[in-house]
Structure formats: structure tokens, C-alpha cells
Amino acid sequence: MSRYFFFCCILSFLLIQSCKNGRNKKTVIRDTSITVATSFNDLFMDSLELDQFLKKNNAYQDYTQQFNDFYKDRNYAYAWFDSAGLIEQASNFRNLQSNYISSFEDSSLYHPEMEQLLNELIASGKKKKQADSLVLKTELLLTGQFFRYAAKVYKGSDIDAAELGWFIPRKKIDLHALLDSAILHKNEEAYAPQNEQYKKLQQYVERYSVLAKQNSLNTIPTLQKSLRSGDSAAILLEIKKHLQIIGDLEENTESPLFDTALVIATKKYQQRMGLTVDGVIGNKMIAELNVPLKQRLRQILINLERLRWMPPEKDTNYILVNIPEYRMHVYDSGKLQFNINVIVGTAANNTVIFNDKLQYVVFSPYWNVPESIVTGEILPAIKKNPDYLTKQNMEIIKEGKVPMIRQNPGPGNSLGLVKFLFPNNYNIYFHDTPNRNLFSQSSRSFSHGCIRIAEPKKMAAYLLRNDTTWNDRKIDSAMHLKKEKWVTLKKTVPVFIVYFTAWVDHNGELNFRKDIYKHDEKMAKKLFRS
Numbered sequence: 157m158s159r160y161f162f163f164c165c166i167l168s169f170l171l172i173q174s175c176k177n178g179r180n181k182k183t184v185i186r187d188t189s190i191t192v193a194t195s196f197n198d199l200f201m202d203s204l205e206l207d208q209f210l211k212k213n214n215a216y217q218d219y220t221q222q223f224n225d226f227y228k229d230r231n232y233a234y235a236w237f238d239s240a241g242l243i244e245q246a247s248n249f250r251n252l253q254s255n256y257i258s259s260f261e262d263s264s265l266y267h268p269e270m271e272q273l274l275n276e277l278i279a280s281g282k283k284k285k286q287a288d289s290l291v292l293k294t295e296l297l298l299t300g301q302f303f304r305y306a307a308k309v310y311k312g313s314d315i316d317a318a319e320l321g322w323f324i325p326r327k328k329i330d331l332h333a334l335l336d337s338a339i340l341h342k343n344e345e346a347y348a349p350q351n352e353q354y355k356k357l358q359q360y361v362e363r364y365s366v367l368a369k370q371n372s373l374n375t376i377p378t379l380q381k382s383l384r385s386g387d388s389a390a391i392l393l394e395i396k397k398h399l400q401i402i403g404d405l406e407e408n409t410e411s412p413l414f415d416t417a418l419v420i421a422t423k424k425y426q427q428r429m430g431l432t433v434d435g436v437i438g439n440k441m442i443a444e445l446n447v448p449l450k451q452r453l454r455q456i457l458i459n460l461e462r463l464r465w466m467p468p469e470k471d472t473n474y475i476l477v478n479i480p481e482y483r484m485h486v487y488d489s490g491k492l493q494f495n496i497n498v499i500v501g502t503a504a505n506n507t508v509i510f511n512d513k514l515q516y517v518v519f520s521p522y523w524n525v526p527e528s529i530v531t532g533e534i535l536p537a538i539k540k541n542p543d544y545l546t547k548q549n550m551e552i553i554k555e556g557k558v559p560m561i562r563q564n565p566g567p568g569n570s571l572g573l574v575k576f577l578f579p580n581n582y583n584i585y586f587h588d589t590p591n592r593n594l595f596s597q598s599s600r601s602f603s604h605g606c607i608r609i610a611e612p613k614k615m616a617a618y619l620l621r622n623d624t625t626w627n628d629r630k631i632d633s634a635m636h637l638k639k640e641k642w643v644t645l646k647k648t649v650p651v652f653i654v655y656f657t658a659w660v661d662h663n664g665e666l667n668f669r670k671d672i673y674k675h676d677e678k679m680a681k682k683l684f685r686s
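Taking our numbering, I'd label the letters of the sequence shown as residues 157 to 686.
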């Protein structure tokens with residue numbers, strides 16, 4: 157109690173002095189001779205000891221600046237020890253690192269010498285009243301390991317994201333500030349800078365790790381015909397077993413009958429896998445059920461790595477398109493407003509993973525046909541049919557070896573009746589399409605790279621909702637002009653085009669999707685040894 161009272165007195169004194177200085181001076185110079193972090197500590201090191209440690213331990217060379225800044229700000233007071241010995245946060249961090257190594261199958265962070273020193277300290281049970289060499293080395297190893305752990309867990313592995321097709325700038329982490337926060341708090345939740353989706357998905361790591369170790373599921377054979385409600389077949393016993401283990405079927409009745417409980421479980425599973433939700437078991441569903449649990453675990457780990465790369469949400473109004481999900485999610489004030497089905501690029505014409513800001517709505521757009529399409533598709537079509545351009549409502553706007561061709565506004569325009577631009581180097585944007593039937597398919601990778609949206613009018617109305625000069629009738633009219641009309645948004649909207657094959661939806665359900673561009677496959681080679 158006396159120690160707590162002393163702490164409160166010191167904290168109050170510092171706050172009072174800070175307020176006085178704030179009134180009298182424009183610039184406040186921090187006094188590091190005594191701080192909240194060091195007020196109870198009588199263990200200090202010499203700066204030369206820190207220098208010697210860094211010279212001998214190459215694993216921490218990349219964190220030299222963080223080491224020096226951290227201990228200089230503490231006036232070289234110990235962080236993980238006080239006069240009574242090892243503090244609670246040291247054990248908490250050790251457990252965090254151990255859990256990460258186990259769950260994420262990553263032994264690169266394991267440091268046998270630090271573990272040995274900690275075991276010796278704990279076993280001895282001695283009160284450390286002075287900074288001997290054992291305590292000093294343990295102190296510095298804990299700090300170094302924290303920097304390594306935090307860099308990997310909160311920022312991501314040292315992987316070239318661009319090499320894996322990811323062009324969203326990776327977030328930056330202030331390791332010094334993070335360690336300050338970790339030392340002051342006993343709970344990781346108080347200092348861990350991860351987004352909510354990361355926290356939700358991380359909860360499934362341990363569960364799938366246990367499932368993968370405890371269950372060896374048989375491969376379900378290909379069906380001769382789809383199974384429906386009321387059918388009876390021996391293979392349903394194995395299907396029910398799969399669904400029960402992963403949590404979609406609450407109770408396995410050991411009956412070969414396709415009963416009501418199985419219909420409900422089937423629809424739930426289909427929803428989570430992005431399949432057609434019809435309650436009918438076909439070979440597409442069987443293929444998903446046959447994905448090994450260990451592979452599902454790795455899929456979770458791969459997507460957690462991507463989530464570490466995501467920048468913090470600086471604006472709570474944004475648009476997110478998840479390529480493997482074929483869905484657009486629109487957020488306002490941090491809350492999901494609506495979802496829209498989308499069509500993305502084919503495996504040969506990948507939609508690029510990047511972020512930018514949506515700035516323009518273009519009604520009744522021209523389609524300036526890319527040179528590759530002119531060369532590969534249109535010129536051969538003209539050779540076969542000289543009237544091709546007229547029938548397609550196209551015109552040549554500049555002659556040349558490869559002519560510049562555009563398609564005029566109209567219902568048959570490949571961009572539909574409206575497009576949405578966020579100018580970028582990849583020439584990717586959102587647009588309408590005359591081919592509405594494609595949105596009903598469960599897999600929708602058909603475009604040349606741009607993103608077609610199923611409800612373009614709804615998107616236009618949402619983006620212009622705060623502009624009183626636009627209403628439903630005016631939007632309809634603008635979508636049927638003979639010349640394109642550009643509208644500049646009063647405020648740009650952040651756009652994120654991402655690639656996640658595993659995530660937790662707003663209902664708390666774990667979703668998986670196919671690795672349509674093989675990005676997971678490439679990532680796995682970087683993250684896992686085998």
C-alpha cells in the first residue's frame with residue numbers, strides 16, 4: 157500500500173509540474189531523471205554495458221536505435237526487473253512469445269539462452285537487490301526479444317509484400333513506444349496495436365491447431381449425384397462427422413438420413429465457404445470438406461500475416477473490396493452500411509491489391525479500350541466482320557499501327573452506365589456492366605482486372621448522398637446521357653482492394669475462400685518451412 161501511495165504522489169507531482177510548465181512555457185523539456193516507469197526502481201545500468209551487449213549480440217543489431225532510445229529515456233533504469241526481482245510483465249511477455257511460437261509454428265523467435273536464464277532466476281527465487289551480470293543480461297535479452305517479437309507480430313514477417321502482389325503500404329510500428337506501453341500494462345490488450353479483424357481471426361488459431369492434431373478425417377469420395385433433404389446414404393455419416401468437428405453441425409445423430417439438422421448445417425457451411433447456399437450437398441462442397449484441417453490452419457496464419465500489414469484506420473468512411481470473396485463492403489463511421497457483389501480479374505488478369513482514394517463518379521462513360529484488348533480482340537474481330545465497330549457502338553478516335561478505339565455511352569457499353577474512379581497507376585476502377593447474369597455465379601473472376609459492381613446506382617447514390625443537388629431522378633438521367641458526365645466528390649473516399657482467403661464475418665463466423673490468384677501458395681513458401 158505504501159508503495160502504491162508513493163507512486164500516486166510521484167505521478168501527481170509530475171502532472172502538477174507539467175501543467176505549470178504548460179502555462180509558463182511553449183516548449184516542455186522532458187526530465188528523465190525520474191519518471192513513472194522508473195520511480196520504484198533502484199536498478200540502473202551503465203550505457204557502456206548496453207553498447208557491449210549490442211556488439212556481442214548480432215540478432216539485435218537492427219534494433220540498436222530502439223535499444224538506445226528506450227534506455228536513455230529511462231535514464232538507463234531496468235525495465236523488466238525492479239528491486240524485488242523479475243516483474244510480472246516479464247512473465248506475461250514470455251508466455252505471449254511462447255504461445256506465438258507454438259500456435260504459429262514459428263521457432264525463429266525462440267531464444268534458448270534467455271529461456272535458460274529466466275529458468276535459473278525463477279528457480280533460485282532470490283531477491284535481486286543489485287544489478288549483477290545475470291540480471292543485466294536477462295534484462296537486455298528480454299528487451300531484444302520484445303523488439304523482435306513485436307516487429308513480427310504487430311508489423312509482420314520480414315517479407316517483401318510487393319513480391320507477393322501486395323501494394324498497400326505496410327503499417328509502421330513504433331517499437332520503443334510499444335515497449336514503454338508493455339512495461340506499464342499487464343494485459344496485452346492494453347498495448348497491442350492490432351485491428352479488430354486480426355483479434356477475431358486469431359481466436360481460431362488455437363482451435364484449429366487442436367483440431368488438426370486431434371482429428372484425422374477420411375477423404376470423402378466424389379458423389380455420383382448431389383444429395384438433398386430426405387436422401388439416405390452411408391456417405392452422409394462421414395459428411396456429418398466433418399461438419400460436427402468443425403462446428404457447423406451441433407450434434408451428430410449417427411444416422412445416414414439427410415435430416416433437417418444436416419440441411420441447416422449444410423447451408424451454414426456453404427455460406428462460410430462462399431458456395432451457393434441451397435442446402436444441397438454437391439461435389440464443390442465435398443471438395444471444401446476435404447481440405448485438411450492443417451491446411452485450414454495455415455490459411456488462417458497466412459491471412460493473419462496479411463492483417464498485420466494493413467495500415468491503421470485513419471478514416472472510418474471507406475470502401476473495401478475483398479477479391480477472393482467477390483464482395484465490396486461499404487463503411488460509414490466505422491459501421492458496415494451495405495455489401496455489393498463484384499466481379500474481379502481472371503487468374504490471367506489479376507486485380508491488383510492496393511489502396512487509393514475514390515474521387516470521381518463518371519456517368520454515361522466512354523470506354524477507352526486498352527491497347528492489349530484492341531490488339532488481341534478487336535482488330536481480329538474487325539478482320540472477320542468490317543461492321544464490328546458499328547455494331548459495338550465503337551469508334552476510332554486516333555489512327556495508328558494500333559488505333560485508339562473507344563466505345564460510346566449506351567446500354568451496351570462495357571463499363572455500363574457509370575464508373576467510379578480512384579486514379580492509380582494500375583488503371584483499375586469500379587464500373588457497371590451490361591452482363592448482369594454473371595453476378596449470380598458463386599465464383600466471379602471474369603474481368604480484365606477492373607472491378608464490376610452489381611449495384612452501381614446504389615453506389616452512386618451513396619457517394620452523392622450529402623450533395624443536395626443530386627437525387628434519384630437526376631442520377632437516373634445522368635446514367636442515360638449521350639456524352640459522359642464527370643462529378644467530383646466533395647470529399648474523397650479511401651478504397652482498399654485486398655486479398656483475404658480467411659476472415660471472421662460480422663456474425664462471428666469463420667469464412668474461407670479459394671486462393672484464386674495463388675497468393676496463399678506463394679506466401680506459404682515464405683512463412684512455412686515445409
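Backbone N, C-alpha and C fix where the C-beta goes; we use that ideal spot for every residue, glycine too.
The C-alpha of G605 is placed about 20 Å away from the C-alpha of F519.
Within the same chain, and ignoring the five residues on either side of T589 in sequence, the residues whose Cβ sits closer than 6 Å to its Cβ are G572, R608. In the three-state reduction of the DSSP assignment, I653 falls in the strand class. When the alpha-carbon of N495 is set against those of A610, F586, V291, the nearest one is in A610.
For W465, the enclosing alpha helix (DSSP H) has its first and last residue at 449–465. By the Cβ-count criterion, Y266 is exposed, with fewer than 16 other Cβ atoms from all chains shown falling within 10 Å of its own Cβ.
Between the beta-carbon of L367 and that of L449 there is about 5 Å, and that keeps the pair under the 8 Å contact cut. In the structure shown, the three-state DSSP call for E469 is coil. In the displayed model, I339 falls within a helix according to three-state DSSP. Three or more pairs of CB atoms, one per stretch, sit closer than 8 Å, so the segment 295–303 contacts the segment 259–277.
For the 9 Å CB-CB criterion, I324 and M466 form a contact. Nearest Cα to R428 within the set K681, D661, A307: D661. Leaving aside the five residues that flank P349 on each side, the residues in its chain whose CB is nearer than 6 Å to its CB run, in chain order, Y310.
Counting only residues of its own chain and dropping the five nearest sequence neighbours on each side, R562 has a CB closer than 8 Å to the CB of Y522, W523, N524, V525, M550, E551, I553. Counting of Cβ neighbours within 10 angstroms places K396 among the buried residues, the total reaching 16 or more. In the three-state reduction of the DSSP assignment, D512 falls in the strand class. Among the bridge pairs identified by DSSP, V574 is matched with F519.
The Cβ-Cβ distance between I479 and I509 falls below 9 Å.
Contact check for A680 and I458: beta-carbon distance about 6 Å, within the 8 Å limit, so the pair qualifies.
Per DSSP, the continuous beta strand (DSSP E) segment holding S603 begins and ends at 601–603. Residue burial is scored here from C-beta neighbours: G664 has fewer than 16 other C-beta atoms within 10 angstroms and is therefore classed as exposed.
For E640, there is no enclosing alpha helix (DSSP H), since its DSSP letter is neither H nor E.
Here the alpha carbon of I243 sits roughly 15 Å from the alpha carbon of E344. Residues S385 of the same chain have their beta carbon placed closer than 8 Å to that of T416, with the five preceding and five following residues left out of the count.
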